[in-house]
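Asks: I'd like to ask some things about the structure below.
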Amino acid sequence: MNNSAPSVSVFIPARNEAGNIQPLFDKISRAFNALHASGEIVFVDDGSTDATWAEATAAAAKYPCAQLYRHRKSFGLTEAMRTGFRHCRGEIVIFLPSDLESDPEEDIPKLITKMNEGYDVVAGWRQGRRDGKVFASAIANVVSRRVFGLTVHDMNWIKAFRREVVESIHLRSDWHRFIMMLAAAQGYKIGEVEVNYYPRKKGKSHYGLGRLPVSFLDVLVVRFLITFSRKPMLFFGGAGLALVGTSLATFALLAVMYLVNLGQRRPIFDFAGVLLLVGVLFFVVGFLAELIVNQNERMEELEARLGELENGTRINADERGE
125 MNNSAPSVSV FIPARNEAGN IQPLFDKISR AFNALHASGE IVFVDDGSTD ATWAEATAAA
185 AKYPCAQLYR HRKSFGLTEA MRTGFRHCRG EIVIFLPSDL ESDPEEDIPK LITKMNEGYD
245 VVAGWRQGRR DGKVFASAIA NVVSRRVFGL TVHDMNWIKA FRREVVESIH LRSDWHRFIM
305 MLAAAQGYKI GEVEVNYYPR KKGKSHYGLG RLPVSFLDVL VVRFLITFSR KPMLFFGGAG
365 LALVGTSLAT FALLAVMYLV NLGQRRPIFD FAGVLLLVGV LFFVVGFLAE LIVNQNERME
425 ELEARLGELE NGTRINADER GE
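The working numbering runs 124 ahead of the 1-based position in the sequence shown.
This is the structure in structure tokens:
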């Protein structure tokens with residue numbers, strides 16, 4: 125394989141897709157040739173139990189631009205993405221499925237052309253899809269658009285990224301669905317392009333509807349982190365203030381009731397005390413979270429400066445605090 129960095133990396137995760145590997149590699153190679161682009165194939169076998177690895181090995185012998193990586197067991201798409209993204213060297217990284225529901229000869233040029241319009245991330249919008257998961261996918265996309273404010277129609281299909289995007293996004297387990305949202309939250313420019321959808325001819329889908337309820341919970345978690353990860357006191361302080369305010373208002377009401385001889389309401393008094401205690405605890409947690417965020421930001425700044433030194437960028441004495 126050529127040691128010089130390619131311009132395009134095509135990342136392919138696969139699990140039990142033996143019948144699709146050879147035609148997939150052929151199509152990607154033809155796309156590279158049509159674009160006259162230097163490209164590489166980064167293939168990750170996520171614990172396949174069929175002949176997927178053997179087929180990939182045979183295809184890689186035909187195409188030296190291919191890099192193969194293998195998980196001993198299936199860890200899921202997010203972990204496969206982590207592995208693949210770590211080894212992608214191209215300035216543009218393209219994610220394609222291994223089931224040939226996307227046609228690389230058509231879609232790679234479309235994604236790159238759209239990227240050249242100035243986008244940092246480009247999503248493929250499936251046209252002509254008729255499988256049984258269309259309704260569930262449509263609901264998930266509508267919810268995601270509403271919650272995150274994105275205008276992209278198809279969040280979970282093929283994508284192209286600038287290299288810096290995949291290097292800057294941290295993916296937790298099963299968060300591959302939210303890579304678009306995480307990129308948008310960091311200020312990257314998001315675009316989309318229409319692509320054709322082709323029914324699977326070999327193998328079977330690994331993605332069922334069982335993950336849908338968990339995905340909706342993940343939506344709330346990701347939205348929370350995007351909104352409050354840099355300023356956690358906005359959440360904890362706001363909640364604490366509301367609880368303390370409610371508690372003090374309740375104490376005031378009880379005091380008025382006592383002064384006008386309406387008697388005491390001990391259960392209400394105890395409840396107001398609990399609200400006050402929980403509100404104070406929210407403030408304490410908020411302060412601790414702010415300390416953690418402050419330390420993380422200092423570490424990020426230090427890593428950025430070390431990166432500048434490694435890249436030969438000059439750092440002035442004033443910037444170092446000297």
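Every residue gets a Cβ at the ideal spot worked out from N, C-alpha and C, and that includes glycine.
Residues in its own chain within less than 8 Å of E164 by CB, not counting five upstream and five downstream?
Replies: M125, P130, V132, S133, V134, C189, A190, Q191, C212, R213, G214
Asks: Out of T275, F209, D298, point me to the one whose CA is closest to V289's CA.
Replies: F209
Asks: Around the C-beta of G248, are 16 or more other C-beta atoms found within 10 angstroms, so that it is buried, or is it exposed?
Replies: buried
Asks: Report the three-state DSSP secondary structure of G445 (helix, strand or coil).
Replies: Caution applies to G445, whose pLDDT of 40 falls short of 50 and renders its modelled position unreliable; the model cannot decide the point.
Asks: Taking only runs of the alpha helix (DSSP H) that begin and end inside the stretch 148 to 235, which ones reach a length of at least 4 residues, in chain order?
Replies: 176 to 186, 201 to 211
Asks: Assess, as a yes-or-no matter, whether the stretch 278 to 298 is touched by the stretch 237 to 245 under the definition of 3 or more beta carbon pairs within less than 8 Å.
Replies: yes
Asks: How many whole angstroms separate the CB atoms of V276 and I314, which I take to be in contact at a CB cut-off of 8 Å?
Replies: 6 Å
Asks: Mapping DSSP to helix, strand and coil, what is N385?
Replies: coil
Asks: Between which two residues does the alpha helix (DSSP H) containing V319 stretch?
Replies: Taken as a continuous stretch (DSSP letters only), V319 belongs to no alpha helix (DSSP H), being part of the beta strand (DSSP E) at 314 to 320.
Asks: Nearest to D174 by alpha carbon, out of H160, K238, R254, N140?
Replies: N140
Asks: Rounded to a whole number of angstroms, what is the C-alpha to C-alpha distance between V408 and D342?
Replies: Between V408 and D342, the C-alpha separation is close to 26 Å.
Asks: Out of E291, H294, W299, state which residue places its alpha-carbon closest to the alpha-carbon of M279.
Replies: W299
Asks: Taking only three categories from DSSP, how would you classify A129?
Replies: coil
Asks: Alpha carbon to alpha carbon, how far is F359 from F352? Give it in angstroms, no decimals.
Replies: 7 Å
Asks: Give the secondary structure of K325 by DSSP, where H, G and I count as helix, E and B as strand, and everything else as coil.
Replies: coil
Asks: When the distance is taken between beta carbons, is F149 closer than 9 Å to Y187?
Replies: yes
Asks: Where L159 and P221 are concerned, what is the direct C-alpha to C-alpha distance, given to the nearest angstrom?
Replies: Pairing L159 with P221, the inter-Cα distance amounts to about 20 Å.
Asks: Are the CB atoms of L274 and A308 within a distance shorter than 9 Å?
Replies: yes
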